[in-house]
Amino acid sequence: MSLYWRILLLNAVVLVVAVVLLLGPVTVSTPVLPSEASILCTGLVAMIVANAVLLRIGLMPLQRLVRAMATADLLRPGSRPAVTGPREMAELISTFNTMLDRLEAERATSSARVLSAQEEERRRIARELHDEVGQTLTAVLLQLKHAADRAPAGLRDDLHQAQETTRDSLDEIRRIARRLRPGVLEELGLHSALRSLAAEFTAPGLSARTSISPGIPSHSDETELVLYRVAQEGLTNIARHAHATCAEVRLSRRPDGGIGLLIRDDGRGMDRAAEGAGIRGMRERALLIGAELTILPGPSGGTDVRLDVPMTAKEDS
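First residue of the sequence shown: 1, per full-length UniProt numbering; consecutive thereafter.
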């Protein structure tokens, strides 16, 4: 039973007992006159109703605080319950808001450290794939070519097939290394990186294209990396789960001078599915640069993933 109903019922019991005593032979005439009984019953109902209204008003800030606690999400910061009510409740709500501020700041700091370490680990793995595994496979290719040139005709076709398999594996390792460490982003910029990313995600039955509006302002390195990673994760989700035939990556200038990124597909949509680790990672990256990530149904089916980077967030990054 909620606190509201417990207090109300306790008060109602007290009032009922008081009225029963008044209706007894102590202070009321015996037998009780109908006018006296009606007055007492009316007073009893009025007191209970007034008590219920006052309790509802008094406990309303506590109910708002409970709803805020139940819906608090550190990946969607900014929502706070209003500090209202009696002094004790106002202090409780203010303390809760302060706690949320501290948790959001600590979450942002820890997320920045984790994502920075993650990017460093991606770079290390990409270097090892390119420098060690890539060079090893290149040496294997040369050895296979040397063996194929000297092998008898019966083995030559098998060695050529082994060469093709090794060459495909080398190309796949290079693609993985590029996804782990977007060198094109560092060398050619965000626009070229997004076009290259869309080209890499083109698969049988799925085509991806980019649309980049002119006049987009320059961004900080951190902002460009967040935009690239969000686009990468969005396209990965489309390729894995959306069952789409077409995907689009659109980069545009916001009316306030900020940046807008849209990843759209024509697949089956979210179907109210719970957000996975990929979407949570996108939200954490968005918080690092003060951006807002929204996921909505597309205009003609599918899903729209929008990342809006305000001008102030871009300058502060």
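Glycine is no exception: its CB is placed at the ideal position from the N, C-alpha and C atoms.
Source: prediction; values computed, not measured.
**Message:** At the level of alpha carbons, what is the spacing between Val-153 and Leu-170?
**Reply:** For the sequence presented, residue 153 should be read as Ala rather than Val. Using only the alpha carbons, I get a separation of about 26 Å.
**Item:** Nearest-angstrom Cβ-Cβ length linking residue 338 and Arg-250, presumed shorter than 8 Å
**Value:** It is not possible to answer for residue 338, since the shown part of the chain is limited to 1 through 317.
**With 16 other Cβ atoms within 10 Å as the buried cut-off, status of Gln-118** = In this structure Gln-118 is exposed. Its beta-carbon is surrounded by fewer than 16 other beta-carbon atoms within 10 angstroms.
**Message:** Out of Glu-106, Leu-55, Ile-7 and Leu-75, which one is the CA nearest neighbour of Arg-283?
**Reply:** Leu-75
**Prompt:** Given Val-83, which residues of its chain have a CB within under 6 Å of its CB, disregarding the five upstream and five downstream residues?
**Reply:** Ala-90, Ile-93 and Ser-94
**Item:** Bridge partner(s) assigned by DSSP for Val-305
**Value:** Val-305 pairs with Ile-263 and Ile-295.
**Message:** Using the Cβ count rule (16 or more neighbours within 10 Å means buried), how would you classify Lys-314?
**Reply:** Summary for Lys-314: the model assigns pLDDT 41, below 50, so the residue's position carries little reliability, and this model does not support an answer.
**Message:** Give the list of continuous alpha helix (DSSP H) stretches no shorter than 4 residues that lie fully inside the region 12-81.
**Reply:** 34-71
**Item:** Whole-angstrom C-beta distance between Leu-8 and Asn-51, which should lie under 8 Å
**Value:** 6 Å
**Request:** Put Thr-109 into one of helix, strand or coil per three-state DSSP.
**Result:** helix
**Prompt:** Taking the Cβ atom as the reference point for each residue, do Ile-173 and Val-133 lie within a distance shorter than 8 Å?
**Reply:** Yes, these two residues count as a Cβ contact at 8 Å.
**Asked** Is the beta carbon of Ala-242 sitting closer than 8 Å to the one on Gly-302?
**Response** Yes, Cβ-Cβ distance for Ala-242 and Gly-302 is below 8 Å.
**Request:** Drop a sphere of 10 angstroms on the beta-carbon of Leu-142, count the other beta-carbons inside from all chains shown, and report buried for 16 or more, exposed for fewer.
**Result:** exposed
**Item:** Ile-212: first and last residue of the uninterrupted alpha helix (DSSP H) it sits in
**Value:** Taken as a continuous stretch (DSSP letters only), Ile-212 belongs to no alpha helix (DSSP H), being part of the beta strand (DSSP E) at 207-212.
**Prompt:** Distance, Cα to Cα, Leu-73 vs Leu-180?
**Reply:** The identity of residue 73 in the sequence shown is Asp, whereas the question assumes Leu. Their Cα atoms are separated by approximately 29 Å.
**Item:** Touch test, the region 255-269 against the region 295-309, Cβ-Cβ under 8 Å, three pairs minimum
**Value:** Output reads yes: the region 295-309 touches the region 255-269.
**Request:** Identify the continuous beta strand (DSSP E) that holds Glu-248 and give its terminal residues.
**Result:** Start and end: 246-253.
**Message:** Measuring straight from C-alpha to C-alpha, what distance separates Val-16 and Leu-33?
**Reply:** 19 Å
**Item:** Pro-214 to Pro-61 span [Cα, whole Å]
**Value:** 49 Å
**Asked** Whose CA, out of Leu-23, Thr-223, Pro-299 and Arg-254, lies closest to the CA of Leu-287?
**Response** Thr-223
**Message:** Measuring straight from C-alpha to C-alpha, what distance separates Arg-56 and Leu-293?
**Reply:** 37 Å
**Request:** Compare the C-alpha of Leu-40 against each of Arg-80, Leu-23 and Pro-182 and name the closest.
**Result:** Leu-23
**Request:** Rounded to whole angstroms, what's the CA-CA distance from Glu-233 to Ile-279? Just pull it up for me.
**Result:** 8 Å
**Separation of Arg-156 from Arg-175, as counted between CA atoms** = 29 Å
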